[in-house]
Every structure is written in C-alpha cells, then in structure tokens.
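Structure, as structure tokens:
Residue numbers (the numbering used here), protein chains in the order written: chain A, -7 to 87; chain B, -7 to 87; chain C, -7 to 87; chain D, -7 to 87; chain E, -7 to 87.
So, in structure tokens, the structure goes:
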C-alpha cells in the first residue's frame, strides 16, 4: 500500500462502473512524515476521508476486494485513514 | 485511476479479443489541470469519449470489470469522462 | 495497452507453461509514430505478427483472457496488429 | 518479490478491510546486501517480522493468496523473513 | 515477460506460502544480449534454472498459473530458460 494525502475531488458525468455514490478523490503520494511528493492519482473513497488527511491506498486488482467495489473497474482504493506512523521507534506522523 | 486526455485513435486489423466494435483510443496522461504530460497509452473506450476530453482511466486487471470487457485481454479502460476537478478547494479543471 | 514493434524472437527449451507452439517475441516499446523507444519486453504472440510490425500489447493479468492463454503464466500478450494511428486528426502511423 | 527492511509501523483507525489484528509495517526497499534504498511502502505482516529484519514482499494481487488475506484489499504482503542471500556464490546477507 | 540472469539464492526461514521445496532465486534483469542491467528481483524457480543462466520471468498475478504456484502469494516466476534470442535477424544471445 502507499501513503497519500487527500487533496481534492474528481467529478465524472458518465461512468460505466455502476457505483452510484462512489466518490473519487484526488490524492497526492506522501512520505512517512505526511509530506507530499508531487505525484497524483485518483482513488475511490468509501471511508469518508477528509481533506488533507493522510490515507493508505491499495492499488490494482485488490481494490475490488470490498463489498462496495466487488467486480468494479477500480484500480485504487482508500483502505485506511492513518492515525500514526513511526520509523525507527520515532513518531514521524500523528493525525 | 489516472487522468488522461483523448488525443487520437488506434485501428487494428487482427484482434484476438473478440470485441467487435471495441474502440481503442490513444490517450495522453494529464495532470489535474488537464495539461498533457507527454506519456501515452492505448485505452479501450465504451463511453464514447470525444477528442480532447479529459477522462479517468483504470489500468490492469480491473479493466475487465464491465459487462463489455468481462474476460477480455484489456489492461486500460476509460471509466469516466471528467466534468470537474478541484484541489485544495480551488477548481483546477472544468469541462 | 502499449504500442511496440516486433524486433525478434526468444526461444526457450524448458517451459512450465504447457503452451506447445507458443511463440515468444522480443518487442520494443514504440510511440504513436511507430518509432522505437529502446525499452524491450517479451510478449506472447498468437496472431502471427511479423517482423517490424507495430503491435498493441496487453500487460499483466488480462493477458490470460484468450482461449489459448487461459490459466497460463503469461504477463504480456500481443492483442492486435496496428493498421493506423491518428493523433489530433493527423495520421501518425500507417501500416 | 522484492527485498525490504522493516523500519516502522502504520496505524489506521478506520479500515474497510475487515482484518482485525492486521499489522501494517512501513518497509524500505533494500538490496541483496540488506542496504536500504530510500524507497518505502506499507506491507501487511502476518509473520511477526521484527524491526530491522530483512523480508521478502509480494506485491499486487498475489498478496491475497494466504488464508488471512483471502478477498482482502491488500497489495503488499510480507511472505518471508530472509535468513541468507548469496550472489555469485558469495554470501551477501546473513541474518 | 522480462529477461533476467540467475545470480544467487534467497533463503527464508519463516514462510507463509505453504510451498515446501520452493526455491527463491535472486535474478538480475538483463537485455537481449544477456547483459545484466543492475536491477534485481526475487523469482520463484520450479524449472531448476542454474547459476548465470538467462531466464524469462513472468511478473504479477499470472505467476500463480502453474500447478505448483496455484493460489500462492508469488509475484515473479521463472517460466523458461532461454536458449536463443535474435533481434533483426541477428542472434544476440545463444546459451
């Protein structure tokens, strides 16, 4: 999984994924300090992640492994909102 | 998912994917402002995306998760035509 | 899918993929003008693509989605021989 | 599979993966000498890997292929704790 | 598939993949001349590839498509030992 910050939203009018209510968020890859890295992707959110929150994103086929995303053409899913990260026993990020 | 602009079409004479009517589009990866990034791929379109439209593309195995692409050798699918993107509460792209 | 030119063949003596007759081709990634980019991979060919032809290659898990490749350990498959590409309404490649 | 060193942990409060007890570790990609490469990812651990241990990580869809991760949205899994690596008949890493 | 040279072995003491006898090899990505490129990964070997042999490696989910690797968390598998490669009708590698 990768770490990313929620920075915006993407609205689509024509979708063929049959997921009414699906919310696509613009996320920016981040490091373990929660610092943005300038690399963006669009991830599906079913957790209600808020603006500027650090999240954990699963990419590829495993994105479909939730009740809401089964058999959907989704390749990036927010699977967790990060509370705390530590590296070498030092806290690097705290929500 | 990634953002990309529709820039052209790819026509193939011999296909082993058994998808008569499938339309392969040349798309160029774009940022959240709709600006092209010089990196291209071929994506299947079943939504009728038009030239120069900004679209959302799903890559890899999840591309097969639509009625038309089930069990097809497709690794990039246009899953949405983008209407609007905002970043940090500023609109960065409007169709 | 990516665009690539057929530039050679790869012959293996011991294979565990149980695909007698499978033909592995050395392909070089190419742009929409059919120009080679110096980046190579090995793709399975079941279409009879010829030397120097521009082809469309599907990567990853969807490569298994043809009658011949079902349940085979193949991660790159030639799914089309390109006839024509246009970009911004200009033909960039013609077979 | 890739080699990586366990360098920290990631704690999430809201998870949609229904894996109570799952432990997400921050790992840093490493070479065959066990030297860190400055590139990080989050991997699920079900083996009890300890801090600073060199591990083998499986990425993508195969991460789901254990009893604990079946049908879970996991795209990186620790599948082994490395004891020893040799290259050209020289030991490059020993636990 | 990619080309790689067998350069070493990786031994793990704790594995959750339930493949007794599985042999993990350290392989280095190589070009069509069999020249190493300095980029390494760990691949599962069920063919008995020898040291310094050039092999063909399948990555990702299709690695599971052999009797021995079905439902295993393996993302790189040696699927062939290369005998010969030609590019533009010139032999570039011969075992």
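By construction, the Cβ of each residue, glycine as well, lies at the ideal position given by its N, Cα and C atoms.
Predicted model only: the values in this text are computed from it and were never measured.
Exercise for the section: Please report how far the alpha carbon of residue 40 of chain A lies from the alpha carbon of residue 59 of chain D, in whole angstroms. Expected result: 29 Å
Exercise for the section: With residue 35 of chain C as the anchor, note down where its beta strand (DSSP E) starts and where it stops. Expected result: 28 to 37
Problem - Residues of the segment 18 to 32 of chain C with Cβ closer than 7 Å to any Cβ of chain E, in chain order - result: 18, 32
Exercise for the section: Measure from the C-beta of residue 1 of chain B to each C-beta in chain C and report whether the shortest distance is under 8 Å. Expected result: yes
Problem - Closer than 7 Å: residue 55 of chain D CB and nearest the ligand PLP heavy atom - result: For the structure depicted, the ligand PLP is absent and the ligand set is empty, with no information on it obtainable.
Exercise for the section: Please list the residues of the segment 67 to 82 of chain C that have a C-beta atom closer than 7 Å to any C-beta atom in chain B, keeping them in chain order. Expected result: 69, 71, 72, 73, 74, 75, 76, 77, 78, 79, 80
Exercise for the section: Kindly indicate if chain E contains any beta-carbon less than 8 Å away from that of residue 15 of chain C. Expected result: no
Practice task
For the segment 50 to 64 of chain B, enumerate the residues whose C-beta is nearer than 7 Å to any C-beta of chain A, in chain order.
Solution key: 50, 51, 52, 53, 54, 55, 57, 58
Practice task
Taking residue 36 of chain A as the query, report the chain D residues whose CB atoms sit under 7 Å from its CB, ordered along the chain.
Solution key: Neighbours of residue 36 of chain A on chain D: none; closest Cβ ~11 Å, over 7 Å.
Exercise for the section: Taking 8 Å as the threshold, find out whether the segment 74 to 86 of chain E comes into contact with the segment 21 to 28 of chain E through three or more Cβ pairs. Expected result: yes
Problem - Per DSSP, cross-strand counterpart(s) of residue -2 of chain A - result: A/19
Exercise for the section: Drop a sphere of 10 angstroms on the beta-carbon of residue 44 of chain C, count the other beta-carbons inside from all chains shown, and report buried for 16 or more, exposed for fewer. Expected result: exposed
Practice task
Name the two residues that bound the continuous beta strand (DSSP E) containing residue 78 of chain C.
Solution key: 68 to 79
Exercise for the section: Please name the residue, chosen from C/52, C/42, C/68, C/83, that lies closest to residue -3 of chain C on a Cα-to-Cα basis. Expected result: C/42
Practice task
Starting from the C-beta of residue 57 of chain E, find all residues in its chain whose C-beta is less than 7 Å away, skip the five residues before and the five after it, and write them out in chain order.
Solution key: none
Practice task
Determine the contact status of residue 86 of chain E and residue 4 of chain C, defining contact as a CB-CB distance below 8 Å.
Solution key: no
Handout entry: Among A/2, A/20, A/34, the one whose alpha carbon lies nearest that of residue 51 of chain B
Key = A/34
Exercise for the section: Work out the CA separation of residue 65 of chain A and residue 62 of chain B for me, nearest whole Å. Expected result: 10 Å
Handout entry: Which residues DSSP lists as bridging residue 46 of chain D, in chain order
Key = D/-3
Handout entry: Close beta carbons around residue 29 of chain D, own chain, < 8 Å, minus the five adjacent residues each side
Key = 20, 21, 22, 23
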